[in-house]
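Residue numbers (the numbering used here), protein chains in the order written: chain A, 62 to 529; chain B, 6 to 494.
Given below as structure tokens:
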């Protein structure tokens, strides 16, 4: 079996041979990737079910279709993305060609997480391939069945010289990080992100970090409780709450809480039936360790469980659970929950709620449910987060036109659609000057004089372009 | 609390008051900065003369002219840049509002360098102010007089709580780096760049690193060597070679080496007179440490022009080295001084190979009348920026991103790039609680039929005009009616 350094050398040699540069090559690889997904949809769904008991619907929507969508986007737009972008010039450079050229970075590393093990690995991969890089792919070992599948499929469909899957746990990943990459794309936790950044600093490697955080969900003003409950339940309990953009906790007034809880209860029954554990549409917690962590939070909470609470260790099952009367310092407010537990904190005023969210780290997403646009506006303008969505959850992720990424502790850099292509490209400024007008150049040569300076001021100012 | 901690805490408090949110406020601050440059040229020039021996005209041309242009550009465009940017939607979000909302990051740290102290310290500051951030400004301590002027003048013109100037050396910088920032913008060398990145890692802080490298300059033997050498001489010896994008070394065929040497010699005389030491337009090496560093590079190379030096004055004459080998001392690190080595190469191929052996530089220059040569050089190498048939001037085009790649840096700025780099581009989806029926297809219990619809609606992006939008909306409402009937009733 190849060692990590052998893999890297192979990819670097391939990159230096410039085989990934032509558009045709990138298109072929992306088309092959599309075939890989299409041909193996059933295996993908099965692997995701093995890892997370992911319902087929969720697997198709959030792991297959979203990837296909990104592939369509890349294939339709690759030609235009690769075009030089001409820019405006000042008078002194009017006769020159000035443009920005997107160039590949080289050999990049993509480290995927376990919660959406296909999507969060393959969507960045699409950007990296489209941008002309060679890629080392490191799937999460926690979602073992998907890890196996990816390891088997990638070499079958993509160029073995340019794209390689490297497997393993923490030890292997740390060893991998000692190598020099031209970009590292990491999706996961803050703790590991620090390790990634420190390793990147040694080689001055640029990094994209897609992390998480506690995504608040504020519900204020006039609100259609039933509609809100539908969307809240869907986005919270999708993938059993194991989404980086799941609404983590709710802030609302007592009255809203009193209206919301029965609505949540009803929606849960509509969605999953009266015995949720038997519903094929509810996922499970990924590993016993994660299950134990979540149960620990639930056991330590000082709030009141009003919906759910049932659990089954052997099945790694935790029922969709709603906890009310949760205080700011509760166990459920300590860290990102990443599970099917929804704490509701009762705060009467919108201003107080906004204040509370400001005491926390910037999350990946920020949600507000309200029929009043003034409430939505207030929350938008007084918060900071990776992305923002009002009156729904998660779906803003599915729009390739929006940059998807964090800020502060939720990460930096972004991707999806064109943003993914840019994340893995170097924007090289290119200027092609002519040989003429050397006399004009004389203005800048010594001996310097005030007169020359005045002329220069005029020819290099942005105003001077409007004359031509 | 240390002085640095206090400055950062005050800046954060000032940021949290929200006063830098309004575009009007930011534009006012930029206008005040503009006034600083128009009112205080004399003090700025006097300090630069003491630090780098630049003339007043030289200082204006190389430092403040660019800044004034940049500020004007920002004042003109800020409203547009800071406005929500609408993007493509998919069918299901047709009636929603989807846009990117540029927002400030918070408190930015700007660490300046000493070679163009105003340009590389204030230019990032302009971007930080425009994006609505607070910014702690740390000028380079190497430029003793200029950092004092910055410390004195900036608080008079711009908000001194939001944009504090913190002066000091290594210990003060290290103390600053222990604090939490929302972005660190550093201009300097790659060794310190790594230290900055490591410090930033603790707080998960994104960084922009404007570093350097050895910017190669290839001269095609068929080009107009006289014009090429004029432009190269200017690019090389401005600021005594202490420019991150100065042409570091020349690659050319042996047959034109003597001609190149002659032409450069001629231009040196034309620009800096027979005795550059007495010419007011020729600069000095910043300090003795760098003087010694640059002089040491001469050890194993042949001097074709110049070589005169005076340690007490930190003066090194404009110097050209000939027949330099890749193993020579002068080729081991970025020169950042007035030594111009010429490495003879037998062909464009050899030049490209040699360039690719080194780290990716901040700039790459090629002089040739042949577009094919230019394209090959551009396609087969990588660098921050690329400029054909001149030196340095790509820096002055605000619409071009200025930044490095690989060892020459991370991120880019200038103009709108600065604004975007120091903003958080927040993706926003503003929906209403209506049309709940349409959402139904994504809710459990899941059926294959619903999946089919969801596949179509949720995930296809649309790019149609208004008429198309209305037609689709009508279709959507119809579908919603059907779905509501089928699944809810």
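Every residue gets a Cβ at the ideal spot worked out from N, C-alpha and C, and that includes glycine.
| Item | Value |
| --- | --- |
| Residue environment, residue 101/B, which counts as buried when at least 16 other CB atoms sit within 10 Å | buried |
| For residue 246/A and residue 65/A, the rounded distance between their alpha carbons | 18 Å |
| For residue 279/A and residue 440/A, believed in contact at Cβ under 8 Å, the rounded distance | 6 Å |
| Through-space distance from residue 194/B to residue 467/B, alpha-carbon basis | In this prediction, residue 467/B has a pLDDT of 46, which is less than 50 and means its spatial position is unreliable; nothing more can be read from the coordinates. |
| Separation of residue 137/A from residue 113/A, as counted between CA atoms | 33 Å |
| Continuous beta strand (DSSP E) stretch holding residue 176/A: start and end | Taken as a continuous stretch (DSSP letters only), residue 176/A belongs to no beta strand (DSSP E), as it is neither H nor E. |
| Cutoff 8 Å: residue 469/B Cβ touching any chain A Cβ | Below a pLDDT of 50, predicted positions are generally treated as unreliable, and residue 469/B, at 44, falls in that range; the measurement from the model is reported next regardless. So no, residue 469/B is outside the interface. |
| Cβ of residue 460/B within 8 Å of any chain A Cβ | yes |
| Pair within 8 Å by beta-carbon distance, residue 151/B and residue 160/B | no |
| CA nearest to the CA of residue 332/B, picked from 320/B, 347/B, 325/B | 347/B |
| Straight-line Cα distance separating residue 377/B from residue 227/B | 13 Å |
| Where the alpha helix (DSSP H) containing residue 154/B begins and where it ends | 149 to 162 |
| Residue 215/B versus residue 395/B: straight-line alpha-carbon distance, rounded | 21 Å |
| Any C-beta of chain B under 8 Å from that of residue 276/A | no |
| Residue 217/A versus residue 187/A - alpha carbon distance | 17 Å |
| Residue interval of the alpha helix (DSSP H) (run including residue 76/A) | 65 to 77 |
| Rounded straight-line distance, which links the Cα of residue 424/B to that of residue 88/B | 12 Å |
| Beta-carbon contacts of residue 400/B that lie in its chain and below 7 Å, excluding the five residues immediately before and after | 250, 407 |
| Of the listed residues 388/A, 177/A, 317/A, nearest to residue 363/A (C-alpha basis) | 388/A |
| Three-pair Cβ contact test at 8 Å for the stretch 135 to 144 of chain B versus the stretch 449 to 459 of chain B | no |
| Distance, residue 477/A Cα to residue 469/B Cα | For residue 469/B, the predicted structure reports a pLDDT of 44, less than 50, and the residue's modelled location is therefore unreliable. The matter cannot be settled from this model. |
| Coarse secondary structure for residue 163/A, derived from DSSP in three states | strand |
| Coarse secondary structure for residue 341/B, derived from DSSP in three states | coil |
| Under 8 Å between C-beta atoms of residue 462/A and residue 112/B | no |
| Alpha carbon of residue 376/A to alpha carbon of residue 252/A, nearest angstrom | 28 Å |
| Endpoints, alpha helix (DSSP H) assigned at residue 256/A | 251 to 264 |
| Close-in-space but distant-in-sequence residues of the same chain around residue 516/A (CB under 6 Å, 5 per side omitted) | 504 |
| First and last residue of the uninterrupted alpha helix (DSSP H) at residue 298/A | 286 to 298 |
| Close beta carbons around residue 392/A, own chain, < 7 Å, minus the five adjacent residues each side | 358, 361, 362 |
| Residue 449/A: contacting residues in chain B (beta-carbon distance under 9 Å) | 106, 431, 432, 433, 434, 435 |
| Simplified DSSP assignment, three categories, for residue 20/B | helix |
| N-terminal and C-terminal residue of the alpha helix (DSSP H) that residue 381/B is part of | 376 to 384 |
| Chain A contact residues for residue 277/B, given Cβ-Cβ distances below 9 Å | 507, 508 |
| Contact check, residue 333/A vs residue 340/A, beta carbons under 8 Å | yes |
| Close-in-space but distant-in-sequence residues of the same chain around residue 157/A (CB under 8 Å, 5 per side omitted) | 150, 492, 493, 494, 495 |
| Simplified DSSP assignment, three categories, for residue 473/A | strand |
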